[in-house]
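Trainee: With the sequence shown counted from 1, adding 26 to any position gets you our numbering.
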Amino acid sequence: MPDGPSSACFEDIRFEPEALPDLSLEDIDISTSFCGLTMKAPLLINALTGGTRQSAYINARLAQVAKQTGLGLAVGSQRIALDDPSVAYSFKIVRSIYPKGTIFANIGAGSNVHEACRAVEMLAAQGLQVHLNVAQEMAMAEGDRSFYWSEHIADIAQKIPVPIVAKEVGFGLTGATVKRLLKLGVAGVDVGGSGGTNFILVEHSRRGRHRSPLGDWGLPTVWSLLDVLGTNPNAEVCASGGIRNGLDMAKALALGARVCGVAKPLLQAVTKRGVKAGVTFVQRCLDELRTVMVLVGAKDLPSLRQKPILFGRETFAYLRQRGLADLWIRR
Ligand SMILES: Cc1cc2nc3c(=O)[nH]c(=O)nc-3n(C[C@H](O)[C@H](O)[C@H](O)COP(=O)(O)O)c2cc1C
Numbered sequence: 027m028p029d030g031p032s033s034a035c036f037e038d039i040r041f042e043p044e045a046l047p048d049l050s051l052e053d054i055d056i057s058t059s060f061c062g063l064t065m066k067a068p069l070l071i072n073a074l075t076g077g078t079r080q081s082a083y084i085n086a087r088l089a090q091v092a093k094q095t096g097l098g099l100a101v102g103s104q105r106i107a108l109d110d111p112s113v114a115y116s117f118k119i120v121r122s123i124y125p126k127g128t129i130f131a132n133i134g135a136g137s138n139v140h141e142a143c144r145a146v147e148m149l150a151a152q153g154l155q156v157h158l159n160v161a162q163e164m165a166m167a168e169g170d171r172s173f174y175w176s177e178h179i180a181d182i183a184q185k186i187p188v189p190i191v192a193k194e195v196g197f198g199l200t201g202a203t204v205k206r207l208l209k210l211g212v213a214g215v216d217v218g219g220s221g222g223t224n225f226i227l228v229e230h231s232r233r234g235r236h237r238s239p240l241g242d243w244g245l246p247t248v249w250s251l252l253d254v255l256g257t258n259p260n261a262e263v264c265a266s267g268g269i270r271n272g273l274d275m276a277k278a279l280a281l282g283a284r285v286c287g288v289a290k291p292l293l294q295a296v297t298k299r300g301v302k303a304g305v306t307f308v309q310r311c312l313d314e315l316r317t318v319m320v321l322v323g324a325k326d327l328p329s330l331r332q333k334p335i336l337f338g339r340e341t342f343a344y345l346r347q348r349g350l351a352d353l354w355i356r357r
């Protein structure tokens, strides 16, 4: 399934080049932290569904990529293993391959605190992603139709001993929603914006349909980042949705994301071409990120966040509509 149909809007923002960076490539530091977890690089292998024999094989490959590159990894929804413990092995394999890795468990926001605990324990996870996927559920013939989630999230955030990350899956979070999520006690959010994997179109094509009036639903990843970080400047944010290379990563990190998440390209790499292809994809992204950091004169990620961003016409119009233009231009 292709990305889109509209873009994540990374092409609508630009860096200013620095012709006199006074830096060398080997001085570039891309280490980061997210929700109290230290990360060697600002890239997370994001949640990809699990729970079957086929996904044990995919999860094993993703875990090998994470281990060889030192990245953090989030597993896909553990719902299936919570309902049927006999398939828990397809998730546990990640921890057995990558015993020292930073691993996020993953559950839906309708799950209760007991299920959240079991998901974390299944992986000895350092963090828990709670996915918010209203648009995906509504697009699924067999999907949920009722979404009273706030109380569950507050309960989980209060009682689970690891940081909770509330995560969209490709339709974007707004600043207002993130304000509510932070009040509920989440440690961080993943904006999961539009422009990458599109679950409305995925679900439609499963039913043999290739068009939907809602095919273009959602907030592009860049706009979601601008709104979320413009209104919640101290929020711990993961940028995901349509991140496809190190330049996209650099832009998301310059807007204030602590880490970037990539899902579909890594799934495609490991299923079609194996672990080596996944490792190559990761290394290429990180090399491109370091290159861009030299080109803008940023020796580390806090310094990248200080660099001016130039906004294209559409993104500038969005910022003006949201009353955020002065804030982002003054920066
Ligand atoms: C095949 C597939 C399965 C996914 N399963 C989950 C899931 O179980 N839980 C979740 O939070 N996100 C899931 N996602 C969403 C991704 O984690 C990510 O938020 C989204 O795909 C956007 O990133 P991308 O454009 O890099 O693919 C899945 C994505 C794909 C492609």
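Glycine residues also receive a C-beta, built at the ideal position from the N, C-alpha and C atoms.
1) Across the segment 193–202 and the segment 165–179, are there enough close Cβ pairs to call them in contact, namely three or more that are closer than 8 Å?
2) Note down the Cα distance separating F342 from Q162, rounded to an integer number of angstroms.
3) Indicate whether the contact test is met: 3 or more Cβ pairs, each with one atom in the segment 303–322 and one in the segment 237–251, closer than 8 Å.
4) Per DSSP, which one or two residues make a beta bridge with Q155?
5) Put T341 into one of helix, strand or coil per three-state DSSP.
6) Check whether the Cβ atoms of G218 and G201 sit closer than 8 Å, and answer yes or no.
7) With a threshold of 6 Å on Cβ separation, who are the neighbours of K185 within its own chain once the five nearest residues in sequence on each side are excluded?
8) Have a look at S81 and A142 and give me their C-alpha separation to the nearest angstrom.
9) If contacts are defined as beta-carbon pairs under 8 Å, then C35 and T247 qualify, I think. What distance do you get, rounded to the angstrom?
10) Hey, could you find the ends of the beta strand (DSSP E) F225 is sitting in?
11) Residues in the same chain with beta-carbon distance under 6 Å from A165, minus the five sequence neighbours each way, listed in chain order, please.
12) Please return the same chain residues whose Cβ sits closer than 8 Å to the Cβ of K118, not counting the five positions on each side in sequence.
13) Checking 8 Å against the spacing of the C-beta atoms, do L154 and A289 come in under that value?
Mentor: Inspection of the coordinates gives the following:
1) Touching, no.
2) For the purposes of this step, residue 342 is taken as the residue at position 316 of the sequence shown. For the purposes of this step, residue 162 is taken as the residue at position 136 of the sequence shown. Straight-line Cα distance between these residues: approximately 29 Å.
3) A contact between stretches requires three or more CB pairs, one per stretch, nearer than 8 Å, and the segment 303–322 fails this requirement with the segment 237–251.
4) As a first step, residue 155 is located in the sequence shown; it is residue number 129 there, counting from the start. The partner list for Q155 (beta bridge, DSSP) reads N132 and V191.
5) By one-based count along the sequence shown, residue 341 stands at place 315. The answer is helix: DSSP assigns T341 an H, G or I state.
6) Within the sequence shown, numbered from 1, the residue matching residue 218 stands at position 192. Within the sequence shown, numbered from 1, the residue matching residue 201 stands at position 175. No.
7) If you number the sequence shown from 1, residue 185 lands on position 159. Taken in chain order, the residues that qualify are V139.
8) Taking the first residue of the sequence shown as position 1, residue 81 is located at position 55. Taking the first residue of the sequence shown as position 1, residue 142 is located at position 116. Distance between the alpha carbons of S81 and A142: 21 Å.
9) Here residue 35 refers to the residue found at position 9 of the sequence shown. Here residue 247 refers to the residue found at position 221 of the sequence shown. C35 to T247, Cβ: 7 Å. Contact.
10) For the purposes of this step, residue 225 is taken as the residue at position 199 of the sequence shown. For F225, there is no enclosing beta strand (DSSP E); the residue is found in the alpha helix (DSSP H) stretching over F225 to R232.
11) As a first step, residue 165 must be located in the sequence shown, where it is residue number 139. The answer, listed in chain order, is I226 and E229.
12) What you label residue 118 is simply residue 92 of the sequence shown in a count that begins at 1. Beyond the five residues adjoining it in sequence on each side, K118 comes within less than 8 Å, by CB distance, of M148 and L149 in the same chain, given in chain order.
13) By one-based count along the sequence shown, residue 154 stands at place 128. By one-based count along the sequence shown, residue 289 stands at place 263. No, the Cβ-Cβ distance between L154 and A289 is not below 8 Å.
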